[in-house]
Each structure stands twice: as C-alpha cells, then as structure tokens.
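Structure, as structure tokens:
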C-alpha cells in the first residue's frame, strides 16, 4: 500500500512539476515543429529516461542535501552556468535564422531519443525538486528507503514527466500548425525562456 501511494503521489507531482514551459518540454515541442510528432515522442522518451535516474539520484543523496544546504546551492550554480550557455546559443541561432519558409528537417528516431537524453541531462533542476518529494514519505526527513521503494519512486517520476512531455507533443502540434510564427521565432522564444530561468535561479541563490 505504501508503494501504491508513493507511485500515485510522485506521478502527479512529477506531472505537475513540468507543466510550466521549461527547457525540456519546449525542446520537445520545438522538435515537433521542425521535424515531426514522432521525433518529438522519441525525444520525450529520451528525456523521461533521464528523469528516472535523476529521481533515483535524488533519493540516494537526499540526506546529504538536507544536511548541507551548500550542496543545493552548488547544483543551482551548475544550472546557472548551463542556462547562460543555452541563452547565448539560442540567441545566436535566432539571429542567424532567416524568416523564410524552409524544408522540414529529417532526423533518425534514435538521434531524437539521444537528443532527448542530452537536453534532459542539462536540466539539473529536478534534483532538488525530487529530493523534497522523497522526504514527504519519511518521518523527520530520515531517508531509509528500500530499493523497491526507490525504483517505484523513480519510475513514477519518469512516467509522470513523460505524460506531460507527450501532452506538449499533442497540444503544441495542433497549435503550431496554425501559428507559423512559432517556427520562425522559436529560437527567440527559447532564448527568452533561458533568460527567465536565469533570473529565477539568481533569485533563488542570492534573493
């Protein structure tokens, strides 16, 4: 019964946690625009597979993070550095992009899957998020999960995230078909998103 409750609560916590537009789900939507929906699904699967290991790592190091707040700050600093690089990358890509009609890109499904793994691996923010969730099921923040519980937690986190990623695939695909501006200025949008996340991270670190 404990595992069932853990699965359900973690599933919905992960699902809700990635509903706001973020690095991974917007990258999935961008793939649907530039390639096709199937490639977007494979990128979502790749991203969700990384979430599984992020959730597992979060449980394993939860006690250390709770005991040492500086560890959490170091994670945010790494995220800040990655976001700064991505902001510059998308901004440069947007300035080089010409607002003309181009042929659809082609990509192997395995490449989309690996790109999903890469982009999700850059996103370090789920680590502290899943640490907080994991402590909800332990008395007085004492982490003493069995491996069965750890695997259930990690699997439910991955499936919850995958559900939201797939929602982005379906809903953004319908919206984007009627909105060519998204394809033209998607890199500007991603750059703006990176800037917003940078500001949020700075506030969490020094606010």
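Residue numbers (the working numbering): 1 to 207.
Ideal Cβ placement from N, Cα and C applies to all residues, glycine included.
Separation of residue j from residue i, as counted between CA atoms
i           : j           : result
residue 133 : residue 92  : 37 Å
residue 151 : residue 4   : 12 Å
residue 142 : residue 18  : Low confidence applies to residue 142: its pLDDT is 46, below 50, so where it sits in the model is not reliable enough to give any reading.
residue 37  : residue 31  : 8 Å
residue 96  : residue 187 : 10 Å
residue 42  : residue 205 : 34 Å
residue 94  : residue 85  : 14 Å
residue 197 : residue 83  : 7 Å
residue 124 : residue 116 : 14 Å
Residue i: first and last residue of the uninterrupted alpha helix (DSSP H) it sits in
i           : result
residue 110 : 109–122
residue 52  : 37–60
Within 8 Å, strictly: CB atoms of residue i and residue j
i           : j           : result
residue 122 : residue 39  : no
residue 14  : residue 161 : yes
residue 128 : residue 51  : no
residue 6   : residue 130 : no
residue 202 : residue 87  : no
Within-8 Å CB hit, residue i to chain D
i           : result
residue 192 : You won't find chain D in this structure, because it holds only one protein chain.
As assigned by DSSP and simplified to three states, the class of residue i
i           : result
residue 19  : coil
residue 101 : Any reading at residue 101 needs caution, since the residue's pLDDT is 46, under 50, leaving its predicted position unreliable; the model's value is listed next. In the structure shown, residue 101 sits in coil (DSSP, three-state: anything other than H, G, I, E or B).
residue 3   : helix
residue 68  : coil
residue 164 : helix
residue 146 : coil
residue 153 : helix
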